[in-house]
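Structure first, commentary second.
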Amino acid sequence: MSIVYLNGEFMEESQAHISIDDRGFLFADGVYEVVHLYNGRPFEWDCHIDRLYRSLNALKIAGVSRDDLVRARERLVADNPGREASLYIQITRGVQRRIHTPPTPGMLAPTILMWVRPVEPIDPQVVARGVAVITVTDDRWAKVWVKTIGLLPNVLARGQAADRGVYDAIFVRDGMVMEGTSANIFRVKQGVLQTAPVTNYILPGITRAVIIEIAKNEGYRVLEEPFTVDELYQSDEVFLSGTSTEVLAVTEVDGRRIAEAAGPVTESLLALFHERAQRS
Ligand SMILES: Cc1ncc(COP(=O)(O)O)c(C=O)c1O
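For what it's worth, this note's numbering labels the leading residue of the sequence shown as 346, then goes sequentially.
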């Protein structure tokens, strides 16, 4: 039995229904967040909710109470005590007979859905060995910084990765490395970290920001500057960062070996990240 939150009410998952006229269903007119729960505590809650409101504001979706989100979170977390879990929040513009023109902000009650579900940690052997990725052309829209539920390019790119038997696909725009389908990407060269700068073409990851902070505290130089696919190939280490991914070494890109296993910088950042997550 699993309880979910839908529009102010808690209910059995099987009882939660969304209208066929929901604009999320019809137009992908909505946004989402995923927050990891370490020992029942939400990691970087305020950062996630700030980003959620930036996404809502970008779409001009109004009428979401921060306090209601906290109350819903508390109840859902209480129902899933002591487990490594993930909190999902999805907010759509609401229910309206199908018409492209969005209603005046505030005229429609948004659909708010939240759940907490247990997550399996990534297999430690995979963490140690690292994963393979391919690069793909970034054919997403120009507002990638908005965390919209319109994830079809990400889904198709992940499908391409799966077809090639690799873990993820890395979006490349005009020759520059952007990010993975659900994670940001870092390279390490001669002890210097590099990741794509925050522009409208990447999602500003919460984990990315935490890793940059941890790395700088450790004395690493971190460049938030564009880099090419060739530079990616020539890295000493490459890793992904994300809420579900945490810090995951990439040891092969487009069939080229980067390293035999997770490198020392990746491993130390992952350890420091875990320390911080357990402390939070
Ligand atoms: C496209 C994309 N980039 C980066 C990230 C990583 O963001 P975060 O660290 O906030 O989970 C995600 C997470 O879902 C994502 O979907």
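The beta carbon of each residue, even a glycine, is placed where N, CA and C say it ideally should be.
* Asked: Quick one: what does DSSP say residue 543 is sitting in, helix, strand or coil?
  -> In this structure, residue 543 counts as coil in the three-state DSSP scheme.
* Asked: Which word fits residue 486, buried or exposed, when buried means at least 16 other C-beta atoms lie within 10 angstroms of its C-beta?
  -> Around the C-beta of residue 486, fewer than 16 other C-beta atoms lie within 10 Å, and the residue is accordingly described as exposed.
* How would you label residue 492, buried or exposed, when you count the other beta carbons within 10 angstroms and need 16 or more for buried? -> Counting other Cβ atoms within 10 Å of its Cβ, residue 492 reaches 16 or more and is therefore classed as buried.
* Asked: Between residue 548 and ligand 1, is the CB less than 6 Å from at least one heavy atom?
  -> Yes - ligand 1 has a heavy atom lying nearer than 6 Å to the Cβ of residue 548.
* **Inter-residue Cα distance where the pair is residue 392 and residue 564** => Distance between the alpha carbons of residue 392 and residue 564 is about 24 Å.
* With respect to the beta strand (DSSP E) encompassing residue 359, which residues constitute its N-terminal and C-terminal limits? -> Element bounds for residue 359: n/a, residue is neither H nor E.
* Asked: Cβ of residue 526 within 7 Å of Cβ of residue 513?
  -> Taking 7 Å as the Cβ cut-off, residue 526 and residue 513 qualify as a contacting pair.
* To do: Could you check how far apart the C-beta atoms of residue 328 and residue 478 are, in whole angstroms? I think they sit under 8 Å.
  => Past the boundaries of the shown model lies residue 328; the chain is included only from 346 to 625, so the question cannot be answered.
* To do: Return the CA-CA distance between residue 463 and residue 603, expressed in angstroms with no decimal places.
  => So the two alpha carbons sit approximately 33 Å from each other.
* **Opposing strand residues paired with residue 381 [DSSP bridges]** => Its beta-bridge partners are 431.
* Asked: Taking the runs of the alpha helix (DSSP H) that are 4 residues or longer, which of them lie wholly in the region 422-504?
  -> The region 422-504 is shown to contain whole alpha helix (DSSP H) runs of 4 or more residues at 469-474, in chain order.
* Asked: Measuring CA to CA, which of 576, 510, 559 and 511 is closest to residue 541?
  -> Comparing alpha-carbon positions, the option among 576, 510, 559 and 511 lying closest to residue 541 turns out to be 576.
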